[in-house]
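This report concerns only the one structure given below.
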Amino acid sequence: MPQPSPAALARAEALWQELKPQVATALDKMSPEQSGLTFDQIEAQSASVGDLIARVLMHDAVSRQPATSEAEIERARETALSQAGSLAGKLRAEELNVKRVRDKPCTLATVRGPVPLEREYLYFSELNTGIFPPRRTP
1093 MPQPSPAALA
1103 RAEALWQELK
1113 PQVATALDKM
1123 SPEQSGLTFD
1133 QIEAQSASVG
1143 DLIARVLMHD
1153 AVSRQPATSE
1163 AEIERARETA
1173 LSQAGSLAGK
1183 LRAEELNVKR
1193 VRDKPCTLAT
1203 VRGPVPLERE
1213 YLYFSELNTG
1223 IFPPRRTP
């Protein structure tokens, strides 16, 4: 197995410090001192910690993505125009003015639970609408 980079190890340590109190609380809830603890309760508590770790990792990965590229902005213009329907009139995608709003709060719905984020938001005043652009895909 390849060794993680020093930067990844440092980031993991920072995230661990953030998660440590919540993991410790879960361990307390599953300790042998808890009388009548069932395996289902242990499993549920363990899964909730796993979901928490997944949400923290998703938040970290998404929040560290680079700013929206010009190509993504062009695709966002086309998407906003196509979704505007009759509001679009005779506008063309390249004519749309875009206001880049950095760090707009949003919540991503995931199978592991909600992930609150602050992301770049693109607002198109002619259409009175905006979108959170998707991130780069391979």
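If you want our numbering, it's the 1-based position in the sequence shown plus 1092. Cβ coordinates follow ideal geometry from the N, Cα and C atoms, glycine included. Quick caveat, the model's predicted, so the values are computed rather than measured.
{"Query": "Entirely enclosed beta strand (DSSP E) segments - the segment 1182 to 1211, minimum 3 residues", "Result": "1191 to 1202"}
{"Query": "Cβ neighbour criterion (16 or more within 10 Å) applied to proline 1131", "Result": "In the sequence as presented, proline is not what sits at residue 1131; that position holds phenylalanine. It counts as exposed."}
{"Query": "Distance between lysine 1182 and serine 1161 (C-alpha atoms, nearest Å)", "Result": "26 Å"}
{"Query": "Short Cβ contact (8 Å threshold) for arginine 1169 with valine 1190", "Result": "yes"}
{"Query": "Residues that isoleucine 1223 bridges to, as DSSP identifies them", "Result": "Leu1214"}
{"Query": "Buried or exposed (CB count within 10 angstroms, at least 16 for buried), glutamate 1102", "Result": "A quick correction: the sequence has alanine, not glutamate, at residue 1102. Exposed."}
{"Query": "Segment limits, alpha helix (DSSP H) that includes leucine 1107", "Result": "1098 to 1121"}
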